[in-house]
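2 protein chains.
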Amino acid sequence: MALFLSTYVNKVDKKGRVSVPSRFRSVLVDKGFETVVLFPTINGDAIDACGMDVMENLLEKIGGFDPLSEDRESYADVLMSDAIELAVDGDGRIMIPLDMLIDADIKAGGQCAFVGRGDSFQIWNPDAFAARKKLAQERTRSRRAAGAGSNGGSDDE
Amino acid sequence: MALFLSTYVNKVDKKGRVSVPSRFRSVLVDKGFETVVLFPTINGDAIDACGMDVMENLLEKIGGFDPLSEDRESYADVLMSDAIELAVDGDGRIMIPLDMLIDADIKAGGQCAFVGRGDSFQIWNPDAFAARKKLAQERTRSRRAAGAGSNGGSDDE
DNA sequence: TGGATTATCATGGGATTTTACGGAAGTCAA
DNA sequence: TTGACTTCCGTAAAATCCCATGATAATCCA
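Same order as they appear, the protein sequences are chains A and B.
What the first sequence shows, in my numbering, is residues 1 to 157, in sequence order.
What the second sequence shows, in my numbering, is residues 1001 to 1157, in sequence order.
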């Protein structure tokens, strides 16, 4: 199975076009897609990206359409309404809508980081991602130091 | 079953290419892989290498993509964003990304050690690995002298 | 057995292809 | 036409493929 792995930093040109990393494109093609679905991350820091399959799974998970129920997981609705499906053009690029770029603090003419997450990926302002990653690493380390202990004593892995 | 055993030291050429030891290549083929997945060891000293199965298991364990949860197990995210799947080329070589080489203190044009660990292997700066090995041996010796005895000897994992 | 022949392997150096990315020309609707 | 978007083409750098070489290990055969 193909997974979205690793991190690639690409340039957003002044028209707002970005090359989707070729590895990520291959994964999409492997899954049988020629489009990507984008939507804001739940806390708005970045942009979530995936194939249409993930959207379908999500819809299934939240129960699909039920005209009798008034409240479905409300964020899921917002998510669907914010999501957009983008075609990857002949040169492997997509055009991320301006408001999404602004929300994720990515400037046209600047750079953005494509971050693999396995079955999906995210698009970040590179600096913001670096900061977040550092945080996550520290959290992991302190958690390990705190009590994980487990084996003979070496903290190597 | 085939295991990654022994240690091989190969040269990293100036383009960043390294021959994967032929024994290790055979093991990979035996397991049904034509690619290797690399990611930094948890403490950043070296590079971990395994087959794609490990990544897939990890993804399954963390439950896959859920846009509704603010952050899933953060170490898993860091791992996916740092990991990379590399194809072994026709000559049995891989191209390790530059930043990984730097983090592991391996210079292009220098050497690196492929260290078997059974169902996975690691890639080290040869000197760093030698030092670490010596340390582990001393630790084991003093522990045996102290009386513990117990398992195979190394407390590595 | 021992010496010659033949694989296999690690490694170097081109040559070719791919990729990211800029710009120009074409398309379409208002 | 104007502005927004799309398709097309050119380029430089990087990744990948292809073949040559030397070294070592395996094989063969008188």
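Positions of the beta carbon are idealized from the N, C-alpha and C atoms, including for glycine.
All values derive from a computational prediction rather than experimental measurement.
Would you check if the region 1128 to 1146 of chain B and the region 1042 to 1049 of chain B touch, i.e. whether three or more CB-CB distances between them fall below 8 Å? yes
Beta-carbon neighbours of lysine 31(A), restricted to chain B and to distances below 8 Å: Residues of chain B passing the Cβ test: none, with the nearest at roughly 13 Å.
Compute the Euclidean distance between the alpha carbons of glutamate 1157(B) and valine 1078(B), then round it to the nearest angstrom. Its pLDDT being 44, under 50, glutamate 1157(B) is placed unreliably in this model, and the value from its coordinates should be taken loosely. For glutamate 1157(B) and valine 1078(B), the distance between alpha carbons rounds to 20 Å.
Inter-residue Cα distance where the pair is glycine 1016(B) and glycine 1110(B): 10 Å
For a contact defined as C-beta to C-beta under 8 Å, what are the partners of valine 1078(B) on chain A? Lys133, Ala136, Gln137, Thr140
Beta carbon proximity, alanine 1108(B) to chain A, threshold 8 Å: no
7 Å CB neighbourhood of arginine 117(A) in its chain, flanking five on each side removed: Phe4
Have a look at phenylalanine 39(A) and methionine 1080(B) and give me their C-alpha separation to the nearest angstrom. 20 Å
Do you know offhand how far isoleucine 62(A)'s Cα is from serine 142(A)'s? 35 Å
When Lys1133(B), Trp1124(B), Arg1144(B) are compared against lysine 1011(B), the one with the closest alpha-carbon: Trp1124(B)
Return the CA-CA distance between lysine 31(A) and alanine 2(A), expressed in angstroms with no decimal places. 8 Å
Considering only DSSP beta bridges, list what valine 18(A) is partnered with. Val12(A), Ile94(A)
Would you call the CB atoms of methionine 1055(B) and threonine 1035(B) closer than 8 Å? no
If you drop the 5 nearest sequence neighbours on each side, which residues of the same chain put their C-beta closer than 7 Å to that of leucine 98(A)? Gly16
At a CB-CB cut-off below 8 Å, which residues of chain B make contact with leucine 3(A)? Met1052, Met1055, Glu1056, Leu1059, Met1080, Glu1085
When burial is assigned at 16 or more other CB atoms within 10 Å of the CB, is valine 29(A) buried or exposed? exposed
Hey, is threonine 35(A)'s beta-carbon within less than 8 Å of any beta-carbon in chain B? no
Answer yes or no: does any C-beta atom of chain B fall closer than 8 Å to that of serine 6(A)? yes
Continuous alpha helix (DSSP H) stretch holding phenylalanine 1129(B): start and end: 1126 to 1146
Under the assumption that isoleucine 1096(B) contacts valine 1020(B) (Cβ atoms under 8 Å), give the Cβ distance between them as a whole number of angstroms. About 10 Å; that fails the 8 Å criterion.
Can you check whether the C-beta of glutamate 157(A) is within less than 8 Å of a C-beta belonging to chain B? Interpretation of glutamate 157(A) is limited by its pLDDT of 48, a score under 50 that renders its predicted location unreliable; the figure taken from the coordinates is listed afterwards. Yes, its Cβ sits closer than 8 Å to a Cβ of chain B.
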